[in-house]
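Just below is one structure, and these are the notes that go with it.
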Amino acid sequence: MFSASVFAQSNTEVYLYDLKKDKGTFSLGDGKNISNNPGYDSQPHFYSKKVLVFSSTRNNQTDIAAYTIKTGEINFINSTPNGGEYSPQRIPKSKDISAVRLDTDGLQRFYRYKYKTGENTEIIPDLKVAYPMWYTKNTAVTVVIVGNSLDLIISDLASKENKTIQKKVGRSVHKIPKTKLVSYISKAKDQWEIRSLNPKTGETKKIINTLGKTEDICWLPNGTILLAKGNSIMSYNPNNDKDWTVFHTFNSHKNISRIIVNSKGTQLALVSD
């Protein structure tokens, strides 16, 4: 039940927006619904400057959709009988994609998929990965289901070693721009925190508290954190700001969850009901 609830959501859609930059300040531009599909559409990831991938409902299961940004065309990378794919991401220094596969019998594992053929192989045996993030081509920082909790684990694929960093964490894990650090959500205290992690040393530090029970964030290239909260996106720059401020409020969205910005800071994808 815990495995299934990790991915359980209502009828969500993926939206893609332009980001504008003026004198170092970012703002949101035009956007559109790019999934436009009944059922679950979520977990967007910029595969390249031309393609965005996300999890999308098709034939009563969830597969990996590839959206061509220029043309609006959607193709599916895989077709897995009796299973669904979540959290698709491009593997560093590769054209392949990783994804979490949840089979109808409850088996949940982390797989590698060939971009053109969908051929797949298991990446990390025996760990019930829920939310992965690639640090290097051989190192994954993952949120893993352990009992009734989510734990933050660093997996060295070369040595096949898995090191637990913290228990009780959230689903949002990202690289921090212009550093060698990673951010994650700590739920160890009543007040949730955004913390940094040095994957090489295991050292963690608090950055700022989240706003209530919010956990979906991403980073702009200038080091500003964006946080999804209700029908708004909040912002906070650890170098300049004292607290959260409103980045953008929507009239057409509610319950915004996953947000992600491309590496150039020119586009933002989000998920909402």
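Here our numbering is used: the first residue of the sequence shown is 57, the next is one more, and so on. Just so you know, even glycine gets a beta-carbon here, dropped at the ideal spot from N, CA and C. These numbers come from a predicted model, not from an experiment.
Just tell me which of the options has its CA closest to the CA of residue i.
i, options, result
"V156", "K234, N138, P188", "P188"
"F132", "K172, Q164, I241, S252", "K172"
"N293", "G80, I221, R146, T305", "G80"
"N93", "A196, N311, S66, S104", "S66"
"K149", "Y191, T113, T118, P137", "Y191"
"D86", "V229, D159, S308, T257", "S308"
"T198", "S143, D246, V107, D152", "S143"
"D152", "V317, L158, Y169", "Y169"
"N278", "H230, S154, N116, K234", "K234"
"T113", "H101, D97, F102", "D97"
"R146", "I120, R165, I209, E129", "I120"
Measuring straight from C-alpha to C-alpha, what distance separates residue i and residue j?
i, j, result
"F82", "K76", "6 Å"
"T127", "L326", "19 Å"
"S215", "N194", "9 Å"
"L276", "S205", "29 Å"
"T322", "D74", "6 Å"
"G95", "I232", "32 Å"
"V225", "E175", "31 Å"
"D212", "T260", "18 Å"
"N138", "N89", "28 Å"
"G203", "K184", "10 Å"
"S91", "I316", "15 Å"
"R314", "S111", "12 Å"
"L163", "N115", "20 Å"
"I130", "L108", "10 Å"
"G286", "K310", "6 Å"
"L72", "K219", "35 Å"
"Y167", "E217", "17 Å"
"T305", "V238", "27 Å"
Drop a sphere of 10 angstroms on the beta-carbon of residue i, count the other beta-carbons inside from all chains shown, and report buried for 16 or more, exposed for fewer.
i, result
"Q99", "buried"
"S296", "Correcting the residue identity first, residue 296 is Asn in this sequence and not Ser. N296 is exposed by the Cβ-count criterion."
"E271", "buried"
"A244", "exposed"
"K320", "exposed"
"V70", "buried"
"M57", "Reliability fails at M57, whose pLDDT of 38 lies under 50, so the model's placement of it is uncertain and the value that follows must be treated cautiously. M57 comes out exposed."
"S104", "exposed"
"S135", "exposed"
"Q25", "Lying outside 57 to 329, the shown extent of the chain, residue 25 is not represented and no answer is given."
"E141", "buried"
"V302", "exposed"
"S328", "buried"
Sort out for me which residues DSSP pairs residue i with in a bridge.
i, result
"N218", "S211"
"F303", "Bridge partners of F303: none, in fact."
"T118", "T113"
"A244", "The partner list for A244 (beta bridge, DSSP) is empty, contrary to what the question assumes."
"G85", "Looking at the DSSP assignment, G85 forms no beta bridge with any residue, so it has no partner."
"T68", "Paired residue(s): none; T68 is not in a bridge."
"D74", "Q323"
"D329", "None, per the DSSP bridge assignment."
"N131", "A122"
"I312", "According to DSSP, which records beta bridges pairwise, I312 is partnered with nothing at all."
"L283", "I273, M290"
Just to confirm, does residue i get its C-beta within under 7 Å of one of the non-hydrogen atoms of the ligand NAD?
i, result
"G203", "Because no ligand of any kind appears in the structure shown, any question about the ligand NAD cannot be addressed here."
Practice problem: Identify every run of the beta strand (DSSP E) within the segment 134 to 208, keeping only runs that are complete inside it and at least 3 residues long; order them along the chain. | Solution: 139 to 146, 153 to 159, 164 to 169, 176 to 178, 185 to 192, 195 to 202
Quiz prompt | Unbroken stretches of the beta strand (DSSP E), 3 residues or longer, contained in the segment 246 to 280 | solution = 249 to 253, 260 to 265, 273 to 275
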